[in-house]
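Only one structure is covered here, and it is reproduced in the block below.
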Amino acid sequence: MVNKDKNSPVTLATLQGMKQQGEKIACLTCYDASFTRVLETAGVDMFIIGDSLGMVLMGYESTVPVTMDDMIHHAASVARVGRHAYRVVDFPYKTYETRQQALDNARRLIDEGGADMVKLEGGTCMVDIVDHLVQHDIPFCGHIGLLPQSIEELGGYKVQGRDEAGARAIMEDAKALEQAGADMLVMECIPSGLATDISSSVNIPTIGIGAGPGCDGQVLVLYDMLGIAAQKNPRFVKNFLRDSGSIPAAVEAYIKAVKGGSYPAPEHEY
Ligand code: KIV
Numbered sequence: 016m017v018n019k020d021k022n023s024p025v026t027l028a029t030l031q032g033m034k035q036q037g038e039k040i041a042c043l044t045c046y047d048a049s050f051t052r053v054l055e056t057a058g059v060d061m062f063i064i065g066d067s068l069g070m071v072l073m074g075y076e077s078t079v080p081v082t083m084d085d086m087i088h089h090a091a092s093v094a095r096v097g098r099h100a101y102r103v104v105d106f107p108y109k110t111y112e113t114r115q116q117a118l119d120n121a122r123r124l125i126d127e128g129g130a131d132m133v134k135l136e137g138g139t140c141m142v143d144i145v146d147h148l149v150q151h152d153i154p155f156c157g158h159i160g161l162l163p164q165s166i167e168e169l170g171g172y173k174v175q176g177r178d179e180a181g182a183r184a185i186m187e188d189a190k191a192l193e194q195a196g197a198d199m200l201v202m203e204c205i206p207s208g209l210a211t212d213i214s215s216s217v218n219i220p221t222i223g224i225g226a227g228p229g230c231d232g233q234v235l236v237l238y239d240m241l242g243i244a245a246q247k248n249p250r251f252v253k254n255f256l257r258d259s260g261s262i263p264a265a266v267e268a269y270i271k272a273v274k275g276g277s278y279p280a281p282e283h284e285y
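Using the numbering used here, read the sequence shown as starting at 16 and increasing by one per residue.
Pasting the structure below:
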């Protein structure tokens, strides 16, 4: 095991070491101080303070209305008490339209929100922005496959990369982002075979959500894996609270299943 000590911070080097040694990265979304404590006690390696908070905390229909102030408010709540898990914070919709806007907002997410790394949605079309962030030493995570901020253009929450051309485009996205200096990739709702191929083609850790067991780590929206989200859960979500009896036990079961390779199971794959 690469990182056993729950009182020392997980770093990017820790996560890279986990990829190299084949230890799966257990990640969950997290948006507040109380869950930060519960999740860290259970041993979660990494948090994504995702703009999914707009749907699960704020009651919006999509992530689109979320603002920079919303992200900073929640990221700072996690950072205030966080001692262990690596924190990746989302740029909200239309806050990275130009190089300068992206850099200014990345600095806010880090300085005011306590982010260890920032994440934005998109592949080859974002390379210029990513390059600018990386040139300014901003740790960066890409997000490819299903892009919730582009849900209108994508025509709904659908699996991406099912046909040959789509799969090729997502593979190119992954390689272009790595080439531009990305440190990590989130891959959402893509076929398992494609996610496995990408994970073995890039040297940076890949974190899957609906992308099958071949990724270097897994993430779920916390409220989905506890079975308390309002929306109908997609195929890839497993309710870990149902058989666990308590929230800490559910999170421990999730970590054990991710590390042991039993989640995601075939019924969660595309
Ligand atoms: O906003 C979010 O929750 C995400 C997921 C992919 C983890 O970005």
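We treat Cβ as the ideally placed atom computed from N, Cα and C, and that holds for glycine. Note that the coordinates shown come from a computational prediction; the quantities given were computed from them, not determined experimentally.
- Between the region 202 to 214 and the region 180 to 192, the count of C-beta pairs closer than 8 Å reaches three or more; the two stretches touch.
- For GLU203, the CB falls within less than 7 Å of some heavy atom of ligand 1.
- Annotation: HIS151 is outside any alpha helix (DSSP H) and is labelled neither H nor E by DSSP.
- Sequence-distant Cβ neighbours of VAL71 in its own chain, meaning closer than 7 Å and more than five residues away, are VAL236, TYR238 and ALA244.
- Closest by C-alpha distance to GLU187, out of ILE159, TYR172, HIS151 and SER261, is ILE159.
- In the DSSP assignment, GLN233 falls within the beta strand (DSSP E) that extends over 232 to 235.
- Taking the Cβ of HIS158 as the reference point, at least one heavy atom of ligand 1 falls within a distance shorter than 7 Å.
- For VAL217, the secondary structure class from DSSP, reduced to helix, strand or coil, is coil.
- Taking non-hydrogen atoms of ligand 1 into account, the C-beta of VAL93 is found less than 7 Å away from none of them.
- Under the DSSP definition of a beta bridge, TYR101 partners with MET61.
- Nearest in C-alpha terms to MET141, of all of GLY32, ARG114, VAL81 and ASP126, is ARG114.
- A residue is called buried when at least 16 other Cβ atoms come within 10 angstroms of its Cβ; GLU55 meets this threshold and is buried.
- Two segments are said to touch when three or more pairs of C-beta atoms, one from each, lie closer than 8 Å; by this definition the region 125 to 135 does not touch the region 39 to 50.
- Inclusion of GLY157 and ALA197 in the CB contact set at 8 Å is warranted, their separation being smaller than that value.
- Scanning the region 164 to 188 from its first residue to its last, the whole alpha helix (DSSP H) runs of 4-plus residues come out as 166 to 169.
- ASP105 has its Cβ nearer than 7 Å to a heavy atom of ligand 1.
- Here the C-alpha atom of SER214 lies approximately 10 Å from the C-alpha atom of MET202.
- A distance of 8 Å or more separates the beta carbons of HIS99 and ASN218.
- 8 Å or more divides the Cβ of ALA28 from the Cβ of VAL266.
- Between SER216 and ALA226, the alpha-carbon positions lie close to 15 Å from each other.
- ASP47 is a Cβ neighbour of SER92, given a cutoff of 8 Å.
- Residue pairing of ALA41 in beta bridges, as defined by DSSP: GLN233.
- Going by C-alpha positions, ALA210 is about 28 Å away from ARG257.
- Rounded to the nearest whole angstrom, the C-alpha separation of PRO228 and MET132 is 24 Å.
- Within the DSSP bridge table, the entry for GLU136 names HIS158 as partners.
- A direct Cα-Cα distance of roughly 31 Å separates ILE64 from ASP178.
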